[in-house]
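Chains as they are written, first to last, in my numbering: chain P, 1 to 738; chain S, 739 to 837; chain A, 838 to 1381; chain C, 1382 to 1601.
C-beta atoms are modelled at their ideal positions from N, C-alpha and C, and glycine is treated no differently.
All of these numbers come straight from a predicted model, not from anything done at the bench.
Inspection log for the structure reproduced underneath, given as structure tokens.
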Amino acid sequence: MSFSLRLIPLLPFAGATVLLLFGRAFSRQWVHLIACLAIGTAFLVSADAFFTALPAAHESGGLHDIVWAWFASGDLKVDLAFRMDALSGVMCLIITFIGTLIHIYSAGYMSHEKDYARFFAYLNLFCGAMLILVLGDSLPVMFVGWEGVGLCSYLLIGFWYGQTANANAGKKAFITNRIGDFGFLLGMFLLFSATNTLDMPGINAAAKAGAAGLTEISWMGQPVAFWAALFLFVGAAGKSAQIPLYVWLPDAMAGPTPVSALIHAATMVTAGVYMVARLGALYLLSPAAMAIVALVGAATAIFAAIIGFAQNDFKKVLAYSTVSQLGFMFAGVGTGAFGSGVFHLYTHAFFKAGLFLCAGSVMHAMSGSGDITKMGGLGRKIPWTHRVFFVCWLAICGVPIFSGFFSKDAIVAGAFATHVFGESLSWVGPVVGTVLLLAALCTSFYMSRLYFLVFSGECRADHETQHHIHESPIEMVGPLVVLAVGAGLGGLIGFPGGLFGHEEWNLLGHWLEPVVGPELHIPHAVEVTVMAASTAVAFVGIFLARAFFGGGYREPAHQFARSMPGFVALVRDKFRVDELYNFFIVRPLRFVSRGLFVIVDRIVIDKAMVEVPAAIVGVFGRAARWFQAGDAQRYLATFAIGVAAIFYLATRPPAPDAFKVTIQGTAVDVDARGVAGTAGRTLLYDFDFEADGTVDRKGSSPTAHFVYEGTGTYVIRVTIKDPRWGTSTRLEQKVRIQ
Amino acid sequence: MPTLYYLYLSFALFFIGTAGVLLRRNALIVLMAIELQLNAGNLALLAFSRSLGDLKGHVFAFFVIALAAAEAAVGLAILVGMYRTRQTINLDEVATMKR
Amino acid sequence: MGLLGWIALTPLLGALLVMLVPKEEESIHRGIGLTVAIGTFLASLLILGDFDRTQAGFQLVVNRPWVASLGINFHLGVDGISLWLVLLTTFMVPLTLFSPQAIGLRNIRVREFIIAMLVLETGMLGAFLALDLFVFYVFWEVMLVPMYFIIGIWGGERRLYASIKFVLYTLVGSLLMLAAILYLYAQVHTLTGTWTFDYATYASLMLPRGPQMLCFGAFALAFMIKVPLFPLHTWLPDAHVEAPTGGSVILAAVLLKFGAYGFLRFAMPMFPLAAWSAGPAIAILAVIGIIFGALMAYVQDDVKKLVAYSSVSHLGFVVLGLLTLTAPGIQGGIYQMLAHGISTGGLFFGVGILYDRRHTRRLDDFGGLWAKMPVFAACFLVIVLASVGLPGLCGFVGEFMVLLGTFTAGKTWQTDGLPPMFWSPMLLAAISATAVILAAMYLLTMYQKLMFGPLDKPENKADHVRDIHGRERWVFGTIIVAALMMGLWPKPILDRTEASVKSFVTAFRERLLDADKNPNAPARFFPALPAAEKTALNTNPVTP
Amino acid sequence: MHQLHTQTVGLPATITFAILAGLTVIGALFTITRRNPVVAVISLVGTFFALAGVYASLSAHFLAILQILVYAGAIMVLFIFVVMILNRDEITRVAARGMVRRGLGVVAAGYVVWLLASVVANSSATPLLGGPLSEPGADFGTVASVGASLFTDFMFPFEAVSLLLLVAVVGGLVVSRSEKQEDDAEETARRRAQVATEIRPESMVGGPTDATANHEAAHH
């Protein structure tokens, strides 16, 4: 069924274009009006598509819209086409809805910004690209959005381009993403090589049918599907900040806070999860690939959570929290619980966006500083921000009823209950589940630490800053409240109704079922146990944090820091991964490049291969300069000598190098014809058979016959004369007469 | 008078002209020597023309004279220009390519 | 003369016209030059109208005797391979003449510059259109001379070194090519009894292995230098750095394309066996070039040199694509040529602006320019991203198709029954794909050093560091529109190259398989010359 | 007319030829050996006069007249002018450098001439070279006949030659024009100044600082 899906990304793009071209001429009101209108309309169109058009087309692959044939060559055919099914529809709604909220929030947050129009243009551009990413019907179209969001992320991180650190962070994000894109490209090529198509429905169909191209065993004993899935996962890891490519995300916090909320929490970073879910059928073909996805996800979840313990920057804590939560999502999709992964993506979008926007509001209040060691007791001064943060905090900790509880629980339970790994890898599920529970504990702890340090106790900021603390304006608080509602109650959309025998209560799972397959069946016992465990874990984390940080830094926190100073420092320095990369990858690359430049280009090629032959030629040239002194008279003399030489050679009678002598007894026959005959000249031949000065035969015949009187060695002398030129040649040859 | 004597004269003139061109330093004399060479050619043309009874030789000689006039005009102009820039018409002193 | 003849020669006539105007009237020179160049562009759009995309062969052919006694014909024609390159040429030249920075800082001898550009355009168009090897060679050399002057007269400090290096490199290749052409000329005469430089005849001449290798070597060397392929690339950075903006733009946008075009038009079809034998080596050189060029670009501190090395990297993709002998690979290669013309041309325009404003090209001298010139920074960003290969802009399509073509080449060869052109295409594709990372690294690093960071250097704060305005905006606007169109709607271009590329692949395969059966058979024609053509050739049996 | 034709045979003709040839050769030798260019020019004029006589003895009356008018008249006057303008004696007669090569060149030229002469000598029996000259037509070599030939069969080359002369005249003017030097100096100075202002745009007093505007300003 067709629907003008192109409108959805086109609207934000149009907004971006207008703002980029004419934005500087508009007043601020017009700028944010245009931007909000563009994304808001896109939300309405998405909602229309999702709720009115989609149900009818649900079974037949959703809504489809071909804009035009993009490129084609040989078997390769790529259309610029969009498709909306339940999965991309949910994504569209999340993006446009949260996008609209953040646009509105930004109108308040960025109100003092000089480059107002540029900011909103980038935001709109980002939304457009993100919508292309989720709506793209084929991998290359998805890749357009994929790179487009990377670009916008680059631009928005470096929005305050005047500071080198921001620009560096943007560049780091883009390049790290590019490493992922490299994997994405190779994955695409592998898939094309295996299935001859790049359309995602086609690939999924081939995967479901177990196409030979995908299942055939290739390198290292793994099927093609494994490598394709793995390479695509490299792309996903880049975009979604998973180990080992997560390093860019914390740095990306250099951008304006609404950007962090929209791009680096709610939408762009979840693109990898979305892609894995979208190509679920492909991943299901290879348990090994699934295991890698799940394990990387789980490892990232716990690793980033631990780093989160010791960060003192508000946004950095949230950034590592995002990395960690993305790890949860990957663990979810990696264990085959695609619906749960997407569910967590959805709840995370709300509570993390809420948290980030609260961070923005707090930093707004704190005159721009994000240092949590200088905060405290803000709950009374900025009550609305506090309330919203409170809700979102409970959601991310996984306190029951709040949204994070349901989604996190679904993932953990799925990990314990999954069967996708088969016999040999059956250990993966429980390991992932356990790690995730630990990560949930850590999450609960560091988020509570953040909450207590910021909102409880006495304010540790200096007097000047304290004086300025104020609640944010309505256009910032409004979206916060909406997000808090979503974070609080949004989880009900994926209510684990199976527990009560009502599968249909799980609305999201129901929607997604045709796309990602039915939800995992989770046994009651597992479900209940996991729920209990994760509830316990959430509360343990909160109480532990309260013991350490309730009302400010408490004695146990100091004690802990003193007992393990090395470890704490290591964690605070983020395990020094950046330094590691810098030392082992970036610097060697630069060093090798510079070395190659000097050695290969400057020395081997330019000196040895170019200048040495040139020098050799130069020697000849200097020798030849003697002839070319610029003196025309000497040129003429040389010319005269040359003419004379030519005359000399041309006027010599044509003669053979040696004449032919045929001996028969004492008789000889001599033939003195030249190689080329007489060349049309009249020649005279003098034959002197004994070389005694008497000419024995003469005339114009080149041959002569002579009979010697006795045996012996004779010299035959032939003189060839050209009577016209008066020139002659003399040839001599020895003959032996026996 | 058979044609051959005219030719001998032509050869002699040509040789003298060539020797002048090759040996003299004065650019003016070199130009004159070139005129001698051209005249040697003219003489041969006319001699053959006479012996063959064909007027084409005259026509060619006419062209050669025109060419000589053009050559003299341009050559002398160059000489004057050369003298103005270098204060000499000594051919040895105007060879600039040797450095 | 036919449409193509007029297109090829109009710039030359324009150059003659410019010569007639006194040298003081610079605005008239610019006006005439621009008018002629735009006229040529409009005329070349007519080709597009008359071009039949379903036909693989040469169209709009012009064929008239030139030097009949030597069998030289003024023979021009266009097919899917040359069509867009011709349009690229006619598009870039007026843009260059329009740009205020084209001549560079030493804004002298405007008339001569315009003349050089117009003669250059004739050379380029003629060489793209020529179907007679002699005519091709003439135009090929005609290109060399104006470029030599453009670098040597209007260039930077080391312009003499750079221009001579450029000429020597190019001449070494082209003289060997001339020798090979003359050898073929004699061979064709031996076989047919006629003297001809006709391309179609040469393209079906099949030499035995030995001479084929030698002739291929001669042709390939000329083209490898022009591309330029590692390790024959060192003339390029020097030429680019010293050339004025206009020279750099044309050099990058069009001249370099002759290397790849030559492979596609001459070296590969004429010597399939040799091309196949040399395939692995050239493919490896191309991949080395891709990576090496990118690494070199990464460590340059001169903007122009950086862009020049990025050309080495980008054009490596083109050569790799051509060698795959697959439709996506070759079409992608052609597309990459066009995209590179637009994006790198744009980069050089940008560098021209920077140099105009700041009189330096050292990266460390810049910083924070976004604050001073936001419009320029935005335009330059788009062009940089096009060069990085961001999907949606022109650079992506070609790169993607080349990589995909290379990656799947092994499979395609198998189905096509073609012996492998080079080893482990998947690995080579994977190695080449790392260039997407490296391209982002060096180009974004460059961009950041130019535009981002604090505006702390007094020279950058000066008033004359003005944002782009007037004609400069039009130049960048045009480039950006072209880059966007090529990125979003490549279909019209790809459609028109498809038939020719497919027939190229088929012809190459058949000739290669035939040659492979008996590599040392004496020179012959395969496929046999059409009878009609034979009689046509015999009508002028003249000996030189 | 008839009188002249008969001069080409018989003893008087031989004596005439010998005298004229001797004068020609002596004049030519003087031309290339005299240190004083004025003497050389006068000798050359003498040579040309003698040659005109030789032409006349070949029935080339038109050419003989032309030889005197154009050569001995116009061209030699030009030479005299130049000699007067330059007015320099040669210090050494013979070029100093490269004497080996020049000497070899003269020897080579002699060899070639000798070779040609020997061909002529060896072919002296042929009617073309050694035979008595036949009686030419009545109008052979007259202005009318040569003119008719020039204006019919050789019309195009004739016009081309006229163009050549025109070009030579213009070329001579251009090359020897004395203002050229000053022009060059002016031009060089202008360019230098312009390049200087471009490199330091801010030094332009009151001018636009943008380089583009500069270029335009500098040229108008």
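Enumerate in chain order the residues of its own chain whose CB-to-CB distance from residue i is below 8 angstroms, with the five nearest sequence positions on each side excluded.
i	result
residue 310/P	568, 571 and 572
Which residues in the same chain have their Cβ closer than 6 angstroms to the Cβ of residue i, if we skip the five residues on either side of it in sequence?
i	result
residue 1101/A	918 and 1159
residue 1103/A	1056
residue 818/A	Only positions 838 to 1381 of chain A appear in this structure, which leaves residue 818/A out of reach.
If you count every other CB in all the chains shown that lies within 10 Å of the CB of residue i, and 16 or more means buried, which is it?
i	result
residue 1532/C	exposed
residue 238/P	buried
residue 601/P	buried
residue 279/P	buried
residue 1518/C	exposed
residue 694/P	exposed
Closer than 8 angstroms by beta-carbon distance: list the chain C residues that pair up with residue i, in chain order.
i	result
residue 724/P	1500, 1503 and 1504
residue 636/P	1486
residue 632/P	The premise fails here: residue 632/P is roughly 11 angstroms from chain C at the closest Cβ pair, so nothing lies under 8 angstroms.
residue 651/P	1496
By alpha-carbon positions, which one of the options ends up nearest to residue i?
i	options	result
residue 118/P	94/P, 474/P, 75/P and 30/P	30/P
residue 343/P	565/P, 265/P, 90/P and 434/P	90/P
residue 997/A	1004/A, 989/A and 1003/A	989/A
residue 298/P	144/P, 411/P, 720/P and 220/P	411/P
residue 714/P	690/P, 729/P, 696/P and 694/P	690/P
residue 323/P	264/P, 448/P, 484/P and 605/P	264/P
residue 453/P	330/P, 402/P, 373/P and 495/P	373/P
residue 1239/A	1268/A, 1216/A and 872/A	1268/A
residue 224/P	234/P, 212/P and 233/P	212/P
Taking only beta-carbon atoms, is residue i less than 8 angstroms away from chain C?
i	result
residue 779/S	no
residue 641/P	yes
residue 109/P	no
Could you check whether the Cβ of residue i sits closer than 8 angstroms to any Cβ belonging to chain P?
i	result
residue 1289/A	yes
residue 1511/C	no
residue 769/S	no
residue 849/A	no
Can you name the residues of chain S whose CB is closer than 7 angstroms to the CB of residue i?
i	result
residue 645/P	Near residue 645/P there are no residues of chain S at all, since even the closest Cβ is about 16 angstroms away, more than 7 angstroms.
residue 1446/C	By Cβ distance, chain S contributes nothing, its closest Cβ being about 11 angstroms from residue 1446/C, past 7 angstroms.
Would residue i pass as an interface residue toward chain S - the criterion being a Cβ-Cβ separation below 8 angstroms?
i	result
residue 1376/C	Because chain C spans 1382 through 1601 in this model, residue 1376/C falls outside it and cannot be assessed.
residue 727/P	no
If the cut is a Cβ gap below 8 angstroms, which residues of chain P does residue i touch?
i	result
residue 759/S	633 and 636
Could you tell me which chain P residues have their CB closer than 9 angstroms to the CB of residue i, listed as they occur along the chain?
i	result
residue 709/S	No answer is possible for residue 709/S: it lies beyond the span of chain S, which begins at 739 and ends at 837.
Which residues in chain S sit within 8 angstroms of residue i, going by Cβ to Cβ distance?
i	result
residue 1410/C	754
For residue i, return the contacting residues in chain C, with the cut-off set at a CB-CB distance below 9 angstroms.
i	result
residue 797/S	1527, 1530, 1531, 1534, 1535, 1538 and 1539
At a cut-off of 7 angstroms, would you count residue i as near the ligand SAM, judging by its Cβ distance to the nearest heavy atom?
i	result
residue 240/P	As presented, the structure is devoid of all ligands, the ligand SAM included, so that no description of it is given.
Enumerate in chain order the residues of its own chain whose CB-to-CB distance from residue i is below 7 angstroms, with the five nearest sequence positions on each side excluded.
i	result
residue 1053/A	1104, 1108, 1111, 1112 and 1115
residue 1382/A	There is simply no residue 1382/A to check, as chain A begins at 838 and stops at 1381 in what is shown.
Note down, in chain order, every chain A residue with its Cβ under 7 angstroms from the Cβ of residue i.
i	result
residue 227/P	What residue 227/P touches in chain A: nothing, since even the nearest Cβ is about 10 angstroms away.
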